[in-house]
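Undergrad: Just add 5 to wherever you are in the sequence shown, counting from 1, and you've got the working numbering.
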Amino acid sequence: MKQKDMSVWLHVIVILVGAVVLFLALAVVPRFGRGVVRVNPMMEPYYLPCLVFCWVSVLPVLAALVLSWQIFSEIGRDNSFCIANARRLRSISFLALADTVLYVIVTAVLSSLGALHLASFAALSCVVFLGLAITVITAALSYLTRKAADMKTENDLTI
Numbered sequence: 006m007k008q009k010d011m012s013v014w015l016h017v018i019v020i021l022v023g024a025v026v027l028f029l030a031l032a033v034v035p036r037f038g039r040g041v042v043r044v045n046p047m048m049e050p051y052y053l054p055c056l057v058f059c060w061v062s063v064l065p066v067l068a069a070l071v072l073s074w075q076i077f078s079e080i081g082r083d084n085s086f087c088i089a090n091a092r093r094l095r096s097i098s099f100l101a102l103a104d105t106v107l108y109v110i111v112t113a114v115l116s117s118l119g120a121l122h123l124a125s126f127a128a129l130s131c132v133v134f135l136g137l138a139i140t141v142i143t144a145a146l147s148y149l150t151r152k153a154a155d156m157k158t159e160n161d162l163t164i
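This is the structure in structure tokens:
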């Protein structure tokens, strides 16, 4: 597959992931929350704060998708291994870590309040695991991209 073609497919994936994230945040999570409140009316005071938290926590994800879009554009220009991409990957790693820490805090707070539904705990645990995985993977890719960019610059100077 040519880099230009790969870049197009990666852009399509970013669009699809963005659409799924927005659908989950704007449709699925509110509906799930209303279902929890319907089953347990004592949870109603937590509904709106949790919903707002969910919407706020989507912002780093959307920022990471914008950075991914920029990385994939560089891939299409045959400039995969550049310092800018290493910085973008590092930024994605920090965004994922920040979001993960927020979810750990929210899980602890909800648990201490006795307001953590089992399904919510399962969902939050999945989000934390995914956030940690993205943090580690993008940090490693940032390091490797930086090393490759340095080697590329060194080779360009040698010729």
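Heads up, the beta-carbon is just placed ideally off N, CA and C, and yes, glycines get one too.
How is the alpha helix (DSSP H) around residue 7 delimited, first residue to last?
TA: Unbroken run through residue 7: none, as it is neither H nor E.
Undergrad: Cβ atoms of residue 87 and residue 144: under 7 Å apart, would you say?
TA: Contact: no.
Undergrad: To which residues of the same chain is residue 140 closer than 7 Å at the C-beta, ignoring the five residues directly before and after it?
TA: Excluding positions up to five away in sequence, the list reads 98, 101, 102 and 105.
Undergrad: For residue 12, I'd like the list of residues in its chain whose CB is within less than 6 Å of its CB, leaving aside the five on either flank, ordered along the chain.
TA: 77, 80 and 81, listed in sequence order.
Undergrad: Beta-carbon within less than 7 Å of residue 58's beta-carbon, same chain only, minus the 5 sequence neighbours each way: which residues are those?
TA: Same-chain partners within the cutoff: 111.
Undergrad: Quick check on residue 122: does DSSP put it in helix, strand or coil?
TA: Here residue 122 sits in coil by DSSP.
Undergrad: What does the Cβ neighbour count give for residue 136, buried or exposed, with the cut at 16 atoms within 10 Å?
TA: Buried is the call here.
Undergrad: Report the three-state DSSP secondary structure of residue 160 (helix, strand or coil).
TA: Residue 160: helix per DSSP, three-state reduction.
Undergrad: Applying the 10 Å Cβ sphere with the 16-neighbour rule, what's the burial state of residue 163?
TA: When all chains shown are included, residue 163 counts as exposed.
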